[in-house]
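Please read the structure below before turning to the comments.
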Amino acid sequence: MTHRPPAVILVRPQLGVNIGAVARAMMNFGLTDLRLVNPRDGWPNADAGPAASGADAILDDARVFGSVAEACADLHLVFATAMLMRPITRRVVTPERAVAELRAVELPGGLLFGPERTGLETVDLAVAHAVCTIPTSAEHASLNLAQAVVVCAYEWMRQADTMVPEALQHYSGPAPMAELENLISDIDARLVANRYYSPAPGRPEAARLTLRNLLTRPQFSEGEVRTLRGIVRILSVPRGPAGER
Numbered sequence: 001m002t003h004r005p006p007a008v009i010l011v012r013p014q015l016g017v018n019i020g021a022v023a024r025a026m027m028n029f030g031l032t033d034l035r036l037v038n039p040r041d042g043w044p045n046a047d048a049g050p051a052a053s054g055a056d057a058i059l060d061d062a063r064v065f066g067s068v069a070e071a072c073a074d075l076h077l078v079f080a081t082a083m084l085m086r087p088i089t090r091r092v093v094t095p096e097r098a099v100a101e102l103r104a105v106e107l108p109g110g111l112l113f114g115p116e117r118t119g120l121e122t123v124d125l126a127v128a129h130a131v132c133t134i135p136t137s138a139e140h141a142s143l144n145l146a147q148a149v150v151v152c153a154y155e156w157m158r159q160a161d162t163m164v165p166e167a168l169q170h171y172s173g174p175a176p177m178a179e180l181e182n183l184i185s186d187i188d189a190r191l192v193a194n195r196y197y198s199p200a201p202g203r204p205e206a207a208r209l210t211l212r213n214l215l216t217r218p219q220f221s222e223g224e225v226r227t228l229r230g231i232v233r234i235l236s237v238p239r240g241p242a243g244e245r
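Numbering of the sequence shown is given in UniProt numbering, commencing with residue 1 and proceeding in unit increments.
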């Protein structure tokens, strides 16, 4: 069975040398799709090549995006890596489980990695279906960017010949993120039209984040997303006096 390796998405990476080290780690374990979201020093970056140690093809093919949502638009299953220093409304799994699920769905997937100094922000995590946390020592928990990618990339290669988890064998997989974004936009538009959002400061942003969490966490299939969008459209049509449309 052939599986497409997951995309590696670096969100606001700061140093070209770290991007190069990530490319090297990817090539070591058979990953090829590198995506950059708003790299701090722009792209291409002269410091990346020497650190890539021969993984120039990955750097040459790297794509730059203006947002996490754009970088994930064609992906069906996305895991965000994080140390979980703050509460989060997402399922939390190990790299082993994340890779098992990515292999099980047999659809394009991705792994999100945050900036070197701060990691992913809450709004970045909200785009992902689940969070992948790498177990580390409590005395020194932080990993550098390339180390985190190595752990996940190694797990991808290690599971090349393993069985698909039984619970996922008949699951068609989550819808592409672009379709989920359309569903979220549809519902958001209806909420705006019906004045759901409170004018209190910060309320719309918090409510929209909650909405995104509610709709992303279940990992709806493509058919389920279409059904939900159809329901939203039907409910948006004004009714007549006797319930006629």
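Where is the CB? At the ideal position from N, CA and C, for every residue including glycine.
| query | result |
| --- | --- |
| Out of Asn18, Gly54, Ala128, Arg195, which has the shortest C-alpha to C-alpha gap to alanine 82? | Ala128 |
| Tell me, to the nearest whole angstrom, how far the beta carbon of methionine 26 is from that of valine 8; I am working on the premise that it is less than 8 Å. | 6 Å |
| Taking all protein chains shown into account, do 16 or more other C-beta atoms lie within 10 angstroms of the C-beta of aspartate 61, making it buried, or fewer, making it exposed? | exposed |
| In the DSSP assignment, find the unbroken beta strand (DSSP E) run with valine 37 in it and report its ends. | 34-37 |
| Is the region 15-23 close to the region 145-154, with three or more CB pairs under 8 Å? | yes |
| What does DSSP give as the partner residue(s) for threonine 81 in the beta ladder? | Cys132 |
| For glycine 109, I'd like the list of residues in its chain whose CB is within less than 7 Å of its CB, leaving aside the five on either flank, ordered along the chain. | Pro6, Leu75, His76, Leu77, Val78, Leu102 |
| Answer yes or no: do leucine 15 and aspartate 47 have a C-beta to C-beta separation smaller than 8 Å? | yes |
| Could you tell me whether the Cβ atoms of glutamate 181 and glutamate 222 are closer together than 8 Å? | no |
| For serine 142, name the three-state secondary structure that DSSP assigns. | coil |
| Assuming leucine 10 is part of the beta strand (DSSP E), what are its boundary residues? | 7-11 |
| Measuring only the C-alpha atoms, how far is alanine 206 from threonine 133? | 25 Å |
| How close, in whole Å, do the beta carbons of arginine 90 and valine 131 come, if the pair is a contact with beta carbons under 8 Å? | 5 Å |
| Assign proline 153 to buried or exposed, taking buried as 16 or more other Cβ atoms, counted over all protein chains shown, within 10 Å of its Cβ. | In the sequence under discussion, the amino acid at residue 153 is alanine, which differs from the proline named in the question. Burial call: buried. |
| Strictly by DSSP, which residues pair up with glycine 109? | Leu77 |
| So which of Val11, Thr94, Glu106 has the shortest CA-CA distance to threonine 136? | Thr94 |
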